[in-house]
Amino acid sequence: ELKVEQNPLFLSMQEGKNYTIYCNYSTTSDRLYWYRQDPGKSLESLFVLLSNGAVKQEGRLMASLDTKARLSTLHITAAVHDLSATYFCAVLTTSGTYKYIFGTGTRLKVLA
Amino acid sequence: EPEVTQTPSHQVTQMGQEVILRCVPISNHLYFYWYRQILGQKVEFLVSFYNNEISEKSEIFDDQFSVERPDGSNFTLKIRSTKLEDSAMYFCASEKDRNTEAFFGQGTRLTVV
């Protein structure tokens, strides 16, 4: 079955710094999502990546997808405290099944 | 903007009791899902539903769980006899078709005591 792994699991960073969260998945997929979750809250959709080489940016966050490497990255530029949250990638699996498999999540804490 | 609505937002129940979690998907969506997230853990797939029947279910979705779409608008998840380990946030999601994004509801936090 499709496995989705994120690293790091926890990330504590200073404001103003850059960092990248990685999402690896084990089988072919056509679609990958990034979600943000604040404590006790729902999943906020950040990006949908549909094809190899796709890159999307919103504010200080930029997501990319390499389907050949089965890797997506979420890059944070000049982090601010408001970005503190847990970030999940979710991969759509369509091989004999159709569902979204979530990664383990990366808990980000941005220190002022 | 259309959204997936879940009720209640928080439910506390005694172990062994039945609970029904309710979801109103986006109106023209055809594919429906339930996911759950135990506190501090990742989001896990429970079940998918299309054309009034279950498309797929996970190992978590045992005989204690059931889903139905009773009236063409609501989509419900029933847990017949709750256990302590059923305590989690339950998310409903809906999708217009296989080529579009799934939208998640705000979740129902279930606490079994």
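Protein chains in written order, with our numbering: chain A, 47 to 158; chain B, 22 to 134.
Note that CB positions come from ideal geometry on N, CA and C, so glycine has one too.
In three-state terms, what does DSSP make of B:His-50? The answer is coil: DSSP assigns B:His-50 none of H, G, I, E or B.
Between the beta-carbon of B:Thr-28 and the beta-carbon of B:Thr-129, is there less than 9 angstroms? Yes, the Cβ-Cβ distance between B:Thr-28 and B:Thr-129 is below 9 angstroms.
Cα-Cα, which of B:His-31, B:Ser-30, B:Leu-51 and B:Arg-43 is closest to B:Ala-123? Taking the Cα of B:Ala-123 as reference, the smallest distance to any Cα among B:His-31, B:Ser-30, B:Leu-51 and B:Arg-43 is reached at B:Leu-51.
Per DSSP, what kind of secondary structure is A:Asp-112 in: helix, strand or coil? Strand.
Roughly how many angstroms separate the alpha carbons of A:Arg-77 and A:Leu-138, rounded to a whole number? So the two alpha carbons sit approximately 5 angstroms from each other.
Short CB-CB distance (under 9 angstroms) between A:Leu-89 and chain B: Yes, because at least one Cβ of chain B sits closer than 9 angstroms to the Cβ of A:Leu-89.
Report the partner residues of B:Lys-99 according to the DSSP bridge assignment. The partner list for B:Lys-99 (beta bridge, DSSP) reads B:Ile-41 and B:Ser-87.
Quick one: using the 10 Å Cβ neighbour count with 16 as the cut-off for buried, is B:Glu-116 buried or exposed? Burial call: buried.
Here's the rule I'm using: 16 or more other beta-carbon atoms within 10 Å means buried, otherwise exposed. How should A:Gly-86 be labelled? By the Cβ-count criterion, A:Gly-86 is exposed, with fewer than 16 other Cβ atoms from all chains shown falling within 10 Å of its own Cβ.
Short of 7 angstroms Cβ to Cβ, which residues in the region 57-87 of chain A face chain B? Cβ contacts with chain B: none found.
How would you list, in chain order, the residues of chain A whose beta-carbon sits under 8 angstroms from the beta-carbon of B:Lys-63? Correct list: Phe-134, Phe-148, Gly-149, Thr-150 and Gly-151.
Helix, strand or coil at A:Leu-193 [DSSP, three-state]: Absent from the model: residue 193 of chain A. The displayed extent of chain A is 47 to 158, so no value can be given.
Beta-carbon gap between A:Thr-119 and A:Thr-152 smaller than 9 angstroms: No, the pair does not count as a contact, with Cβ atoms beyond the cut-off.
Check whether the Cβ atoms of B:Val-134 and B:Leu-98 sit closer than 9 angstroms, and answer yes or no. When the beta-carbon positions are compared, B:Val-134 and B:Leu-98 stay at least 9 angstroms from each other.
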